[in-house]
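Numbering (my numbering), first residue to last: 9 to 267.
The beta-carbon is built from N, C-alpha and C at its ideal position, and this holds for glycine as well.
Worksheet for the structure shown next.
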Ligand SMILES: Nc1ncnc2c1ncn2[C@@H]1O[C@H](COP(=O)(O)OP(=O)(O)OP(=O)(O)O)[C@@H](O)[C@H]1O
Ligand SMILES: [Mg+2]
């Protein structure tokens, strides 16, 4: 089976803001990372703050270009002419931590969820309205939310809207970058239940970035430990989580699970 997402020896370096005007030396953030993900898999990426998780996410979404290496989605190299012609961008979607910054505060829920539908399809108005209603139901929000503004909702409800928007155009892949981290524990659990249901219903392939191993164990079937831009350990079966070899991953596990 060929992988849906294939990352081959990808590297990325950035100029750092505090390195002085004349020092043009870039700091490596992602260092020769390779991984592949098959259809239907959920991969967790865990690592300390600043280890490069979100940067890897941005490279996968095509928001940033790798300095070296290649990323293939569905067998096509990303950001090439063929890639753009096939409109493969619509197959990838994302949900971020900061739901408030992810939506236009002047847009009503229907406009927020309907935006990708407008961009990627030419669905007639009535069908679009029905699709938005169906999406609201899928993420556990009733129809009274249709005309609400972001400031009229709780964080958990707004994150549900962001999830509805992310699945609106039936993407094959969704990246969740700390998608539940800002929510309180009970709401986190509700959103995680929703995500497991959606993953099954839609046969989604996803990457779940988090610094919380508990959420990753709940959602994912594989996990990679990320440290200073490198994969230091890769676990392909969550049942073997306690058999980690690398000292950094062991340390992370101990701090969370109290082994
Ligand atoms: N566009 C950019 N320009 C310069 N440096 C950047 C840029 N994006 C990220 N970095 C740097 O890359 C490093 C990794 O950042 P990144 O956001 O990927 O970390 P992270 O693992 O997602 O951290 P966190 O868990 O806090 O979200 C940081 O030192 C950050 O300052
Ligand atoms: Mg991050």
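Rounded Cβ spacing between residue i and residue j (contact assumed at less than 8 angstroms)
i           : j           : result
residue 172 : residue 188 : With a Cβ gap of about 15 angstroms, residue 172 and residue 188 do not count as contacting.
residue 249 : residue 225 : 7 angstroms
residue 45  : residue 11  : 6 angstroms
residue 257 : residue 233 : 4 angstroms
residue 54  : residue 219 : 6 angstroms
First through last residue of the alpha helix (DSSP H) which encompasses residue i
i           : result
residue 122 : 117-128
Simplified DSSP state of residue i, which is helix, strand or coil
i           : result
residue 267 : With a pLDDT of only 48 at residue 267, under the threshold of 50, the placement of this residue in the model should not be trusted, and no figure is reported.
residue 65  : helix
residue 163 : helix
residue 88  : coil
residue 198 : helix
residue 230 : strand
residue 50  : strand
residue 102 : strand
residue 252 : coil
Nonlocal neighbours in the same chain, by C-beta distance under 7 angstroms from residue i, ignoring five residues either side
i           : result
residue 174 : 101, 102, 103, 182
residue 110 : 104, 170
residue 66  : 72
Residue i vs residue j beta-carbon contact at 9 angstroms
i           : j           : result
residue 43  : residue 239 : yes
residue 60  : residue 228 : no
residue 153 : residue 117 : yes
residue 56  : residue 235 : yes
residue 244 : residue 217 : no
6 angstroms Cβ shell around residue i - same chain, five flanking residues per side excluded
i          : result
residue 23 : 34
Close Cβ partners of residue i (< 8 angstroms) along its chain, the five nearest in sequence each way excluded
i          : result
residue 27 : 33, 35
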